[in-house]
Each structure stands twice: as C-alpha cells, then as structure tokens.
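Colleague: Sharing a structure with you now.
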Amino acid sequence: MHTNTKTMIVALVSSASTALAGPYVLVDNTTDSLYNGTLGVNGGDNLVTPLGSAFWGDLANYNGTSVLAADVTNALVYRLNATTGAVEATSAVLDQSALSIAYDASSDTYYGVADGGSSDLFSFNFNTGVTTAIGAIGTTSIVSLAWDPVLGSLVVTNDGGELFTVNETNANTTLVGSMGVNNPFGIEYNPTDGGLYVHSADRDAIFRVNRATAGLTLMNTVDDATFATGLAFVPAPGAAAVLGLGGLALARRRR
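Next comes the structure, spelled out in structure tokens:
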C-alpha cells in the first residue's frame with residue numbers, strides 16, 4: 362500500500378515538473394548574501410539582499426513565502442522572507458550549533474545536524490533553542506540536510522557527494538548512491554514540481570536528483586553566488602493546486 366501511494370505521488374509531481382519550474386533561493390557564504398533565480402536559467406541568480414556577517418550554513422524550506430537559514434557562528438536559525446531577505450523571526454540560541462537544517466511542515470518539526478564534523482542528528486525547538494538528540498547519522502562530513510515529503514524521510518549529503526536517506530525517528534541511514542559532485546552544500550525538495558534538487562559549490566550549478574540512483578541532471582549554472590552553502594525553494598503560482606492531491610495522499614500515509 363505504501364509503495365502504491367508513493368508511486369502515485371511521484372507520478373503526480375513528475376507530471377507537473379515541465380509546466381512549473383519555480384524560483385530557488387541560495388545563501389552565499391563568501392558574500393554573506395541571499396540570492397534567488399529561476400530553475401533552467403543559466404546565470405540567472407540575482408542578489409536579494411546582503412545578510413549579516415556570519416558563517417552561513419544550510420537553507421531549508423519553511424512555507425510559501427519564507428525560508429530558514431542557519432547562522433552557524435551564533436547558533437541561530439533565521440526565518441527570512443524569500444523575496445526580500447527580511448528577517449521575519451530569529452530562533453533562541455540553540456543548545457548546539459547546526460550546520461545543516463531541515464523543516465517538516467506536516468509535523469512542524471525542525472531538524473539539525475551538529476556543526477564541527479559531528480554526524481549527530483537532533484530536533485530543536487525554535488522558540489527555546491532546546492535540542493533533542495535523535496541519533497548518529499551513518500556518514501560523516503555532512504554538508505546538507507532536507508526533509509523530502511515524497512520519500513517521507515530526511516535526506517543528507519556529505520562533502521564527497523554521497524546521498525543518503527535518514528529515518529527521522531532513530532537516524533537509521535541508507536546509502537542511495539554517489540551524485541558524482543563534491544561539496545553538495547544544498548539539497549532540498551521543490552514544492553513546485555515535487556523534485557529533489559542539489560547545489561554543488563564546486564560546480565556552481567543546480568542539479569535535479571534521481572531519488573532512486575542519486576544520478577544528477579544539470580538544471581542551470583549560477584554566477585553571482587560564488588560559494589553557495591544552502592538551497593531552498595518557494596512554490597511557484599499554481600503549484601499548490603497542481604500538487605494538492607499528492608499532499609493529501611502523503612498526509613493519509615503518515616497517519
């Protein structure tokens with residue numbers, strides 16, 4: 362039953378992918394700035410706004426207008442307006458700094474992977490900063506974390522370009538495969554077309570990820586963001602209506 366549900370969801374989101382490209386958001390760790398662009402447009406990233414000077418880690422999807430950004434230096438997570446870069450909310454100081462972050466909107470849960478080379482997965486309370494240990498992920502040198510509602514699990518990448526799925530309740534880890542790029546500092550689900558995407562800092566490019574094999578398809582290069590460490594998406598107009606049935610199927614499966 363689960364397999365059939367997942368197959369239906371993948372079919373739904375794949376049918377929408379060609380019609381709805383959707384915007385992306387990047388955080389650049391060299392310029393301490395936020396950029397955005399449209400998938401499929403080479404060199405089409407544009408400056409949104411400079412951010413405060415910090416070591417910026419991962420980005421994560423939050424809702425239809427906002428993204429989350431990890432300030433590794435100060436152990437904070439910001440909620441930023443994806444269009445203007447304005448700070449909408451700032452977390453309490455986390456018990457431990459998060460290099461990589463993810464957000465599961467269906468359960469309103471925030472996840473992080475500890476900075477400093479650790480592979481420890483934890484959840485955290487945005488309002489209090491309290492972190493709760495989940496377990497050690499079965500790989501080291503993690504550089505990006507995301508919640509993928511199509512797979513119904515977390516996904517992580519390491520600096521060697523390997524893709525893993527991670528159980529959010531116990532951190533059990535399964536290798537999907539090698540993506541063939543180094544330093545994939547951003548992996549994220551795209552709610553517009555249901556795809557999984559990654560940004561490679563070494564290639565200055567965004568790729569679509571095959572969930573079954575970890576194979577990559579080049580979508581576009583980026584020019585202005587010279588060392589992007591995080592990637593996120595906001596839905597394109599009309600995406601919610603196209604993908605609504607898939608979301609309903611996911612909600613039923615997770616009950």
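For what it's worth, my numbering labels the leading residue of the sequence shown as 362, then goes sequentially.
Cβ atoms here follow ideal geometry from the backbone N, Cα and C, with glycine treated the same way.
Quantities reported herein were computed from a predicted structural model and do not represent experimental measurements.
Quick one: what's got a C-beta closer than 7 Å to Glu449's C-beta in the same chain, skipping five residues either side?
Modeller: As a working mapping, residue 449 is identified with position 88 in the sequence shown. Ser427, Arg440, Leu441, Asn442.
Colleague: Could you compute how far the alpha carbon of Asp481 sits from the alpha carbon of Ala589?
Modeller: Position 120 of the sequence shown, counted from the first residue, corresponds to residue 481. Position 228 of the sequence shown, counted from the first residue, corresponds to residue 589. Distance between the alpha carbons of Asp481 and Ala589: 23 Å.
Colleague: Give the single residue among Val511, Tyr472, Arg564 whose Cα lies nearest to the Cα of Thr492.
Modeller: Indexing the sequence shown from 1 puts residue 492 at position 131. Answer by Cα proximity: Tyr472.
Colleague: What's the C-alpha gap between Ala597 and Glu549?
Modeller: Counting from 1 along the sequence shown, the entry for residue 597 is found at position 236. Counting from 1 along the sequence shown, the entry for residue 549 is found at position 188. So the two alpha carbons sit approximately 15 Å from each other.
Colleague: Compare the beta carbon distance of Ala466 and Ala431 with 8 Å and say whether it is the shorter of the two.
Modeller: By one-based count along the sequence shown, residue 466 stands at place 105. By one-based count along the sequence shown, residue 431 stands at place 70. In this structure, Ala431 does not lie closer than 8 Å to Ala466 by Cβ.
Colleague: Quick check: Asn403 and Asn581, are their CB atoms within less than 8 Å of each other?
Modeller: Position 42 of the sequence shown, counted from the first residue, corresponds to residue 403. Position 220 of the sequence shown, counted from the first residue, corresponds to residue 581. Yes, they are a contact pair.
Colleague: Compute the Euclidean distance between the alpha carbons of Ala629 and Asn407, then round it to the nearest angstrom.
Modeller: Here the chain has residues from 362 to 616 only, and residue 629 is not among them.
Colleague: To the nearest angstrom, report how far apart Asp554 and Ala436 are at their CA atoms.
Modeller: Here residue 554 refers to the residue found at position 193 of the sequence shown. Here residue 436 refers to the residue found at position 75 of the sequence shown. One C-alpha to the other measures close to 32 Å.
Colleague: Kindly indicate which three-state DSSP category Val527 falls into: helix, strand or coil?
Modeller: Residue numbering aside, residue 527 sits at position 166 when the sequence shown is read from its first letter. Residue state, collapsed to three classes: strand.
Colleague: Can you tell which of Gly496, Ala575, Ala421 has its C-alpha closest to the C-alpha of Ala463?
Modeller: Position 102 of the sequence shown, counted from the first residue, corresponds to residue 463. Of the candidates Gly496, Ala575, Ala421, the one whose C-alpha sits nearest the C-alpha of Ala463 is Ala421.
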